[in-house]
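Numbering (this note's numbering), first residue to last: 1120 to 1233. Where is the CB? At the ideal position from N, CA and C, for every residue including glycine. Just so we're clear, the structure is a prediction, and the values are computed from it rather than from any experiment. First up is the structure itself, then whatever we jot down about it.
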């Protein structure tokens, strides 16, 4: 989170800021080798797959590659107080579908069955 914009809202990081920090995520993925990543919000989702509209990605599971690691990706909308997207159709239903996919994912089942 790069801080506040002059208008007081959260400032979106610039492309060079995102690029400069991407090596940290790449190293984490190399070390942890996750089977599932749950990116929250358009900015996070865009680090893995194209996200022009949330309706096209929320509620779906994707195979993604980060460095040499292949993993599952189940995107979620940002739970912003500013945007009602996740509270109204179709966002509300797509969010429920995504949460169901997360709950049924083998990586999550493995964690909850121990």
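TODO: Quick one: measure Cβ to Cβ for residue 1213 and residue 1174, integer angstroms, because I've assumed they're closer than 8 angstroms.
DONE: About 7 angstroms separates the beta carbons of residue 1213 and residue 1174, which is inside the 8 angstroms limit, making them a contact pair.
**Prompt:** Around the Cβ of residue 1127, are there at least 16 other Cβ atoms within 10 angstroms (buried) or fewer (exposed)?
**Reply:** Flag for residue 1127 reads exposed.
For residue 1219, report the span of its alpha helix (DSSP H) as first-last.
Run containing residue 1219: 1210-1223, per the alpha helix (DSSP H) assignment.
Subject >> Which listed residue (1141, 1188, 1178 and 1125) has its alpha carbon closest to that of residue 1153 >> reply: Of the listed residues, the one whose Cα sits closest to residue 1153 is 1188.
Query - Top-ranked residue by Cα proximity to residue 1205, from 1227, 1192, 1178 and 1230 - result: Checking every option, the nearest Cα to that of residue 1205 belongs to 1178.
request  = Mark residue 1208 as exposed unless 16 or more other C-beta atoms lie within 10 angstroms of its C-beta, in which case mark it buried.
outcome  = Classification for residue 1208: exposed.
* Asked: Just checking my contact of residue 1221 with residue 1156 at CB under 8 angstroms: how many whole Å lie between their CB atoms?
  -> Between residue 1221 and residue 1156, the beta carbon gap of about 11 angstroms keeps them out of contact (Cβ cut-off 8 angstroms).
Check: Quick one: what does DSSP say residue 1138 is sitting in, helix, strand or coil?
Finding: Helix.
Unbroken stretches of the beta strand (DSSP E), 3 residues or longer, contained in the stretch 1137-1210: Runs found: 1181-1185 and 1188-1192.
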